[in-house]
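For my numbering, count along the sequence shown from 1 and bump the result up by 45.
The structure appears below as structure tokens.
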Amino acid sequence: METVLVSKVPMLKPNEFDMWKIRIRQYMLLTDYGMWEVVENGPGTDEGAAEGGARPPPRSDADRKRRQTEMKALSTLLLAIPNEYQHQFSSCTDAKALWTALEKRFSGTKSTKRNQKAILKQQYENFTSLKNESMTQTFDRFNKLIGELATMDVQMDKDDVNRKFLRSLGEEWTIYTVSFRQGDNLEDKELEDLYNDLRIFEAEVETKKRPIGYSHNTVGV
């Protein structure tokens, strides 16, 4: 059975709970698929155990393996919780109960989520590149925003996302982006692929942005 690497467990950040849920799920699936099943379905029933009764000692290898997986899932979630919150969840005895408690504590109310979603949508509408920002830096900010919208279950159309990114770039990018905007494949292209296509021209654009006479070797007098 795979061991839990403490240093690799995604740590919970209360203000990024929805993103953390995605990361901890992926971590469990990659480490031991059975852990996530325990989180979703709760502890199983051992052979010979009465439903709802106290669990007897494991009677078979299958029982022992299941209990090991249950304990590993619980331990993984506990390791992901910051120290200042540990005492709030110490009474949870299985991974499913702990997961439910974490969602109740950090997921927020429907009203809070609705407000967060509205704020992110507004940030998307107003998104543009910043002065002296490289295309890569603009992409990193934009891609992060798209990821945050995805965690709020906001469905984004590929064509709209790609065109929004192209429009967000500065005037110096116009001659490069116009051909992409006129193309007919933006509805099928991944944002990452569009970024990689544009990277070919980034060094050239950055050179044109520099003042005439600029030189790395220029020394101020």
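Beta carbons are placed, not taken as given, at the ideal position from N, Cα and C, and that holds for glycine.
Model, not experiment: these values are computed from the prediction.
(request) Between the Cα of L119 and those of R186, M73 and Q168, spot the shortest distance and give me the residue it belongs to. (result) M73
(message) So, at 7 Å on beta carbons, what are the nonlocal neighbours of K254 in its own chain, with the 5 sequence-adjacent residues on each side left out?
(response) E217
(message) Let's see if you can read the secondary structure: which residues bound the alpha helix (DSSP H) around N241?
(response) Where N241 is concerned, the enclosing alpha helix (DSSP H) stretches over L236 to R244.
(request) Hey, could you find the ends of the alpha helix (DSSP H) V84 is sitting in? (result) Its alpha helix (DSSP H) spans residues Y78 to N86.
(message) Can you find the residues in the same chain that come closer than 7 Å, C-beta to C-beta, to I69, ignoring five residues on each side of it along the sequence?
(response) P55 and A125
(message) Which same chain residues end up closer than 6 Å to P59 when comparing Cβ atoms and leaving out the 5 residues on each side of it in sequence?
(response) F151
(request) Please say whether L236 and N171 have beta carbons closer to each other than 8 Å? (result) No. Outside cutoff.
(message) Closer than 8 Å is the cut-off here; do at least three beta carbon pairs connect the segment 200-220 with the segment 138-153?
(response) no
(request) Would you mind working out which of Y240, K158, W144 and E249 sits nearest M80, comparing C-alpha positions? (result) Selected option, being the one with the closest Cα: W144.
(request) Name the residue from D204, Q71, A107 and T114 whose alpha carbon lies nearest to the alpha carbon of N86. (result) T114
(message) What would DSSP say about F172, mapped onto helix, strand or coil?
(response) coil
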